[in-house]
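Let me begin by presenting the structure, written as structure tokens, before commenting on it.
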Amino acid sequence: QVQLVESGGGLVQAGGSLRLSCAASGSIFRFNAMNWHRQALGKQRELVATITTLGGTTNYADSVKGRFTISRDVAKNTVYVQMNSLKPEDTAVYYCNAEDRHNGMNYWGKGTLVTVSS
């Protein structure tokens, strides 16, 4: 059973930075890509950033482009998102997600809370 475990959330002031980590229980190459989503209170879950596991190609939501950077460490089976210039509207639970390239199963972590104070 694949597990994705997020860490690194917390409370930060507006303009500050946080780095979130998503550790997979096995090789990340079983996934085509790994994603970070977020869900703010009362809002729908939003795809924030994506990185392909093989080539490292990245994509970002317009709302975080230029402020967030997604990366991967294949040796550690871990994906990161560096979040800079944080805004109160970035406050949300951040989830790691990936789809198995072989069987199509979708995996989610339990999430980590990011709170940005104004």
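As numbered in the numbering used here, residues 8 to 125 make up the sequence shown, in order.
No residue lacks a Cβ here, since even glycine has one placed at the ideal position from N, Cα and C.
According to DSSP, residues forming a beta bridge with residue i
{"i": "Arg108", "result": "The partner list for Arg108 (beta bridge, DSSP) is empty, contrary to what the question assumes."}
{"i": "Glu53", "result": "Arg45"}
{"i": "Leu11", "result": "Ala31"}
{"i": "Leu19", "result": "Sequence inspection shows Val at residue 19; the Leu mentioned does not correspond to that position. Answer is Val123."}
Three-state secondary structure assigned by DSSP to residue i
{"i": "Asp97", "result": "helix"}
{"i": "Arg37", "result": "helix"}
Distance between residue j and residue i (C-alpha atoms, nearest Å)
{"i": "Val81", "j": "Phe38", "result": "12 angstroms"}
Burial state of residue i (16 or more Cβ within 10 Å)
{"i": "Gly22", "result": "exposed"}
{"i": "Leu25", "result": "buried"}
{"i": "Gly116", "result": "buried"}
{"i": "Asp69", "result": "exposed"}
{"i": "Asp107", "result": "exposed"}
{"i": "Thr60", "result": "buried"}
Would the segment 14-27 and the segment 91-102 be scored as touching if the rule is three or more Cβ pairs under 8 angstroms?
yes
Between the segment 85-95 and the segment 111-120, can you find at least three pairs of beta-carbon atoms closer than 8 angstroms?
no
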